[in-house]
Amino acid sequence: MTAAAMKKIIVLGATSGIALEVQRLLARERRELLLVARSPQRLAEIQADLASRGTQQVVTYSADLASVQQHAAIFDFARHTFPDFDTVLLAYGSMHDQKDSETSVDILLEELQVNFVSATAILTLFAADLERRRTGCLAAITSVAGDRGRRSNYVYGSSKGALSLFLQGLRSRLHPAGVRVITIKPGPVQTPMTDHLPNSARFADPEHVARDIVRALERRSPDVLYTPKVWRHVMSAVQHIPETIFKRLSF
Amino acid sequence: MSGQSAATLRKQSAAPPPTERILSWGRYPKTAHHHVHKPAWNDQVPDILRDAAPGSLLPYGLGRSYGDSCLNAGRELIDCRRLNRILGFDESTGMLRCESGASLSDILDVFLPKGWFLPVTPGTRFVTVGGVIANDVHGKNHHCAGTFGAHVRQIGLHRSNDGLVICNSEDNPDMLRATIGGLGLTGVIAWADIQLKRVAGPWIDAESIPFQSLSTFLDLSRESNDRFEYTVAWLDCFGGKNPRGIFFRGNHTADHAKDFRPKRRLKLPFALPAWMLNRYSVRAFNTAYYKINAARKNAAIVPYDSFFYPLDSIRQWNLLYGKHGFLQYQCVIPETNIEAVEELLDRIARSDMGSFLGVLKQFGSAPPAGMLSFPRPGLTIALDFAMRGERTLKLMQSLDEIVQQSGGALYPAKDARMSPALFEASFPRWRGFVPYIDPKMSSSFWRRVTGAQ
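Protein sequences appear in the order of chains A and B.
Take 1 as the starting number for the first sequence in this note's numbering and just add one per residue.
Take 1001 as the starting number for the second sequence in this note's numbering and just add one per residue.
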């Protein structure tokens, strides 16, 4: 598929901090968007904003993506509205305080449900459609936290790491059909999801991350996008630290 | 104080919220805040207001106020920058509705290509709509357009005690007048309706004229105010009673032959050592700036951003003043007291502490849009002073005397140190504003000048 094909984009988790910035960039390019998120009120606000910025072609659908039972309805609506959609961006996620998911199995399971179970479920629906039509691009936001399990956030990390593995296999499966699968691994970004973390003021600017993502969607680019770029090198170094040493590190 | 809301927050996340250091544009005073709320949606604001202790909150935008009017030391801020959506625009009338954290820069990027411009703009585009309303800012067109507040038709205001209050000329008109220039104390602006202005394009037909005395400046200003939408002067503050300067005036103009390209922006990466700005380097800069502008062709068509926002081309220019920061002094003095203006400039020149950002403008006679609006008929002067401790503060105190005796006023948005007495003299009717303050709101500035808790 060539870049020019990116015309109709479905965003799953349209109210997430990174998605908001991605959508603004896409609106400026006058792409057609289908936005899925929970709050109808917030979706309406985004729709008004994007319309002012250039694209009148914004359709919204309110649903809870974490609930797999709602996926069939979401998928039917998407196929009905945008039968020839070419790009799907999965942008939602959840990050609880690590300590809470160590003491509460409910919170642990919820984190895995949102970040991994529900994400793979809905991607599977869209993947089949693109594979059948032999076109398009699936992109999902995982995290650098998924590259290595760390003491301070291995629950979030493992849910995102598992999603990265899933995408890796999916990429290989869809390659013969000419469908691209992009794994997006942002470093820490200044969004509502990370406000509670220490030093959040020093995290990456979501607009910068969004520019990297849009560029990756538009062009033929690496299968795995690290953003900001420096994280490719940082994580390569982190992955090479021997486990006997790594297990003693407190970060 | 804010213990109650902090406790609620700690319940939500195990880690205690960090103490966040937020500075205003002048980087003086140095303050730390107990917590900074960062709502991403207007529907989150009512909960923040409800959970807060009385007098614990203040809305915060891009932090371009120079002193402490955007700070709430030891208490909490509501950072409104994520509330930056454009909610609607009427192409036929130019009426814009946007959230309070939308920046003027963003509005220009979206609407100038469609032929719409801000009704009034300050000297930087990196301010939020909420901040512009809360300080009822003025621009180079004050003599014909009044302040920004005059172009705000309606606002939605989150109040801690009565929800979202719609304020316009019919419903809650007093709350609208209190919020315009109300320093963020009346509540959190959810959205505002602003009347944009049709323009022919991004170009300004500009002229620059050198002058060598205050009376020539006044002649130029009076002569220009009928024919030019925008007038302002740069002032070399080392000139004393007979300051030299450059008078700038301009009008919007139709499409120019050149393609419009936004300027590349430089960024000052860190605070410069304080010694780099001294009387010699600043004098040399001022002389060079004067000579270059005086020698330049005096009429040219220029891009709007270099006309309105020359300083925006250097991001973080405030770091020029080093780690101790700087103070800005902006006053207005009635034109009948021109001797007071001369006396003020003379003291500054003799102090040898002035800087390169001297701005002079003749305000128009439009009635104030807000209860605490700063602009009023007279000459307004704005000057920067690097913070050098006690002697800087002493100089400014001596300037205060002149301003107070002349029946003038100081601008809260620029202030970090005026006395309660001078605030009282500048805004004699401030007590009439007090009933409109939201009980959950307060600010460092407000506590300092009114003694409120």
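Note that beta-carbon positions come from the ideal geometry of N, C-alpha and C, so glycine has one too.
The structure displayed is predicted, hence computed values, not measured ones.
Would you say residue i lies against chain B (beta-carbon separation less than 8 Å)?
i	result
Arg150 of chain A	no
Ala52 of chain A	Correcting the residue type first, residue 52 of chain A is Ser in the shown sequence and not Ala. Yes, Ser52 of chain A counts as interfacial toward chain B.
Gly17 of chain A	yes
Asp86 of chain A	no
Ala48 of chain A	yes
Arg38 of chain A	no
Glu45 of chain A	yes
Could you confirm whether any beta carbon from chain A is found closer than 8 Å to the beta carbon of residue i?
i	result
Val1045 of chain B	no
Lys1038 of chain B	yes
Gly1101 of chain B	no
Gly1149 of chain B	no
Phe1326 of chain B	no
Arg1315 of chain B	no
Arg1376 of chain B	no
Residues in the same chain with beta-carbon distance under 7 Å from residue i, minus the five sequence neighbours each way, listed in chain order, please.
i	result
Glu1342 of chain B	Leu1214 and Lys1241
Gln1195 of chain B	Gly1094, Met1095, Pro1119, His1151 and Arg1153
Phe1126 of chain B	Leu1062, Arg1064, Ser1103, Ser1105 and Asp1312
Asn199 of chain A	none
Trp1446 of chain B	Leu1183, Leu1185 and Ala1452
Less than 8 Å separating the beta-carbons of residue i and residue j?
i	j	result
Glu131 of chain A	Val179 of chain A	yes
Gly93 of chain A	Ile46 of chain A	no
Ala1206 of chain B	Phe1307 of chain B	yes
Phe1148 of chain B	Val1165 of chain B	no
Leu1320 of chain B	Thr1124 of chain B	no
Leu197 of chain A	Ala91 of chain A	no
Thr87 of chain A	Gly17 of chain A	no
His1033 of chain B	Arg1082 of chain B	no
Ile182 of chain A	Ala139 of chain A	yes
Gly146 of chain A	Leu163 of chain A	yes
Ala1192 of chain B	Ser1105 of chain B	no
Gln1328 of chain B	Leu1379 of chain B	no
Thr1121 of chain B	Ser1103 of chain B	no
Ala1190 of chain B	Val1045 of chain B	yes
Gly1239 of chain B	Ala1413 of chain B	no
With distances taken from CA atoms, which of the options is nearest residue i?
i	options	result
Glu1091 of chain B	A:Arg202, A:Thr120, A:Ser143 and A:Gly54	A:Gly54
Gly1370 of chain B	B:Leu1422, B:Arg1429 and B:Cys1098	B:Arg1429
Ala1158 of chain B	B:Tyr1028, B:Asp1438, B:Arg1448 and B:Trp1275	What sits at residue 1158 of chain B in the sequence shown is His, not Ala. Among B:Tyr1028, B:Asp1438, B:Arg1448 and B:Trp1275, the Cα nearest to that of His1158 of chain B belongs to B:Asp1438.
Asp212 of chain A	A:Arg202, A:Val189 and A:Ser200	A:Val189
Arg1027 of chain B	B:Asp1043, B:Asp1068 and B:Phe1285	B:Asp1068
Leu1357 of chain B	B:Phe1285, B:Pro1303, B:Ile1292 and B:Ile1333	B:Phe1285
Ser250 of chain A	A:Ser152, A:Arg173 and A:Val209	A:Ser152
Lys1394 of chain B	B:Gly1407, B:Arg1347 and B:Ser1355	B:Arg1347
Ile1314 of chain B	B:Tyr1066, B:Phe1270 and B:Val1359	B:Phe1270
Ala204 of chain A	A:Gly149, A:Tyr154 and A:Val144	A:Val144
Which same chain residues end up closer than 6 Å to residue i when comparing Cβ atoms and leaving out the 5 residues on each side of it in sequence?
i	result
Val1036 of chain B	Glu1020, Leu1077 and Asp1079
Phe1248 of chain B	Ser1208 and Val1232
Pro1018 of chain B	Confidence at Pro1018 of chain B is low in this model, with a pLDDT of 47, below 50, so the placement of that residue is unreliable and no value is reported for it.
Thr227 of chain A	Pro186, Val209 and Asp212
Gln1212 of chain B	Arg1244
Short of 8 Å in beta carbon distance, which residues of its chain neighbour residue i, apart from the five on each side in sequence? Order them along the chain.
i	result
Ser1373 of chain B	Asp1136, Thr1147, Gly1149, Ile1180 and Gly1181
Arg1296 of chain B	Ser1208
Arg1050 of chain B	Ser1160
Met193 of chain A	Ser16, Gly17, Gly93, Ser94 and Met95
Met1396 of chain B	Leu1327, Tyr1329, Phe1385 and Arg1417
Given that residue i touches chain B, what residues does it touch there, using C-beta distances under 8 Å?
i	result
Pro192 of chain A	Lys1038, Ala1040 and Arg1082
Asp195 of chain A	Lys1038
Glu110 of chain A	Per Cβ cutoff of 8 Å: no residues; Glu110 of chain A is ~15 Å from chain B at best.
Mind listing the chain B neighbours of residue i? Cutoff is C-beta to C-beta under 7 Å, in chain order.
i	result
Gln41 of chain A	Asp1043
Run through chain A and tell me which residues come within less than 8 Å of residue i, C-beta to C-beta.
i	result
Phe1089 of chain B	Ser52
Ile1086 of chain B	Ala48, Asp49, Ser52 and Arg53
Taking residue i as the query, report the chain A residues whose CB atoms sit under 7 Å from its CB, ordered along the chain.
i	result
Val1110 of chain B	Ser52 and Arg53
In chain B, which residues lie with their C-beta within 9 Å of the C-beta of residue i?
i	result
Glu131 of chain A	Those do not exist, as Glu131 of chain A stays about 35 Å from chain B at its closest Cβ, beyond 9 Å.
Glu207 of chain A	Those within 9 Å of Glu207 of chain A in chain B number zero; the least Cβ separation is about 11 Å.
Using beta carbons (cut-off 8 Å, strictly below), is residue i in contact with chain D?
i	result
Trp1041 of chain B	Among the protein chains in the structure shown, which are A and B, there is no chain D.
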